[in-house]
Amino acid sequence: MFEVETRKKTNQETLIVIDDIADSFDYQNKYAIIQYLKEISQSPLFKQIIMTHNFDLFRTMESRFVNYGCCLTALKNDAGVISLVKATGIRNAFLNDLKRDFFADRKKKIASIPFMRNLVEFAKSETDPQFVKLTSLLHWKADSSTITEADLDAIYNVVFGMTGKSANGIRPMLEVIEDEAKACLSAGAGVNFENKIVLSIAIRIAAEKFMINKINNPGFTANITSHQTQALVEKFKTMFSGEAKTIEVLDRVALMTPENIHLNSFMYEPIVDMSDEHLRKLYANVLALR
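So that you can map any letter, position 255 of the sequence shown is 290 in my numbering, and since no number is skipped, the others follow by simple counting.
What follows is the structure, encoded as structure tokens:
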């Protein structure tokens with residue numbers, strides 16, 4: 036800050052490169068830093084390149100002083116950064132993207148499920164039939180395979196006061212999820228926000244179906260009331276302790292999928308510093324379980 040003020044007084048043109056400057060600060064100090072960066076941006080002497088892994092900071096700066104067109108996301112793979120692309124989903128991915136294209140894009144329809152479930156929970160309760168049905172599209176339940184695309188459309192229409200419908204409403208939603216997850220495996224490089232959600236849902240359902248079939252204890256499964264994936268993993272470890280490679284895959288499912296599923300329409304923070312490549316690999320690993 037001393038250097039910045041000195042350069043102001045001496046009229047020196049300056050490029051400032053800032054890397055995760057607020058990552059370890061509390062919100063009060065984080066906002067103070069954002070305000071200071073805003074003041075710097077108002078001087079014609081200074082240009083800034085601001086880098087961050089903190090999506091909340093990224094979104095807040097865009098809302099305060101950074102032009103939307105100047106917001107970029109770095110795409111990377113195992114070899115490093117491969118390109119910079121215009122950032123998407125900064126303000127409200129659900130309202131401005133997923134909800135808008137619910138009937139036109141099946142990936143976005145699937146990605147809307149956890150957002151809709153949170154809205155139903157907020158407006159009604161966890162015992163509401165709509166909440167229960169949406170849960171059966173995020174976990175392997177007794178009725179999961181019977182839920183159709185039309186059933187999901189009906190919940191969407193009730194929640195949002197709409198009248199839309201899918202072209203082929205009789206298709207089972209699990210079939211739709213499987214097809215779209217497989218399409219994600221060959222998708223191009225990108226942030227792929229909805230792809231992460233689709234892959235995570237498909238991974239978890241496939242893993243739970245595998246564990247439930249192998250555990251083969253309907254009474255145990257029926258009595259799971261929360262954290263189903265973790266409960267199944269722990270039971271699997273107890274019954275099949277010698278299957279180390281399978282347990283390693285299932286542990287990764289329990290570890291990696293929740294933050295890509297338990298998003299909500301009020302506050303979300305996708306993992307912007309990772310591509311969906313790790314989820315593609317995990318999905319292939321889960322499909323290979325025997």
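Glycine included, every Cβ here is placed at the ideal spot set by N, Cα and C.
Would you mind reading off the limits of the beta strand (DSSP E) that contains residue i?
i: Q83; result: 81-86
How big is the Cα-Cα spacing for residue i and residue j?
i: D61; j: L110; result: 28 Å
i: H174; j: D136; result: 24 Å
i: Q47; j: K73; result: 18 Å
i: A216; j: V233; result: 6 Å
i: K168; j: A241; result: 18 Å
i: A185; j: N203; result: 8 Å
i: N295; j: V120; result: 21 Å
i: T41; j: C106; result: 28 Å
i: A122; j: T108; result: 5 Å
i: K142; j: D214; result: 10 Å
i: L209; j: L172; result: 7 Å
i: R152; j: R126; result: 20 Å
i: A279; j: S235; result: 22 Å
i: I53; j: M291; result: 29 Å
i: S6; j: N320; result: Residue 6 lies beyond the residue range present for the chain, which begins at 36 and ends at 325; the question has no answer from this structure.
i: S261; j: T162; result: 13 Å
i: F37; j: K43; result: 10 Å
i: P207; j: L187; result: 10 Å
i: T170; j: N131; result: 24 Å
i: F93; j: N248; result: 43 Å
i: P164; j: G104; result: 42 Å
i: P79; j: A222; result: 42 Å
i: D55; j: A67; result: 15 Å
i: P305; j: A257; result: With a pLDDT of 49 at P305, under the threshold of 50, the predicted position of this residue should be treated as unreliable, though the coordinate-derived value follows. Using only the alpha carbons, I get a separation of about 32 Å.
i: V116; j: P253; result: 47 Å
i: T87; j: N192; result: 38 Å
i: F90; j: K65; result: 13 Å
i: I259; j: L317; result: 25 Å
Mind reading off the beta-carbon distance from residue i to residue j? Whole number of angstroms is fine, and I expect it under 8 Å.
i: G124; j: F228; result: 5 Å
i: A289; j: V268; result: 5 Å
i: I205; j: T181; result: That pair is no contact at about 11 Å.
i: K231; j: D178; result: The Cβ separation is near 26 Å, so there is no contact.
i: E243; j: Q263; result: 7 Å
i: I75; j: M96; result: Incorrect: roughly 12 Å between the Cβ atoms, too far for contact.
i: I145; j: I190; result: Contact flag wrong, Cβ pair sits at about 13 Å.
Per the DSSP calculation, residue i is bridged to which residue(s)?
i: K111; result: V116
i: I53; result: I85
i: P207; result: T183
i: K12; result: Residue 12 cannot be examined here, being either before or after the span of the chain that is shown, 36 to 325.
In the DSSP assignment, the alpha helix (DSSP H) including residue i goes from what residue to what residue?
i: E48; result: Taken as a continuous stretch (DSSP letters only), E48 belongs to no alpha helix (DSSP H), as it is neither H nor E.
i: A222; result: Taken as a continuous stretch (DSSP letters only), A222 belongs to no alpha helix (DSSP H), as it is neither H nor E.
i: A279; result: 279-291
i: M274; result: 263-274
i: M197; result: No alpha helix (DSSP H) contains M197, which DSSP labels as neither H nor E.
i: S76; result: 62-76
i: T256; result: 253-257
i: H313; result: 312-322
i: E161; result: Element bounds for E161: n/a, residue is neither H nor E.
i: T95; result: 90-99
i: S171; result: No alpha helix (DSSP H) contains S171, which DSSP labels as neither H nor E.
i: M246; result: 228-250
i: K134; result: No alpha helix (DSSP H) holds K134; DSSP gives it neither H nor E.
i: R141; result: 141-146
How about residue i: is its C-beta nearer than 8 Å to some C-beta of chain B?
i: E210; result: The structure shown contains no chain B; it holds only a single protein chain.
Hey, residue i and residue j: beta-carbon distance below 8 Å or not?
i: C219; j: R315; result: yes
i: G196; j: F138; result: no
i: F150; j: F129; result: yes
i: L324; j: F245; result: yes
i: V194; j: L154; result: yes
i: Q77; j: I51; result: no
i: K176; j: F166; result: no
i: T49; j: F100; result: no
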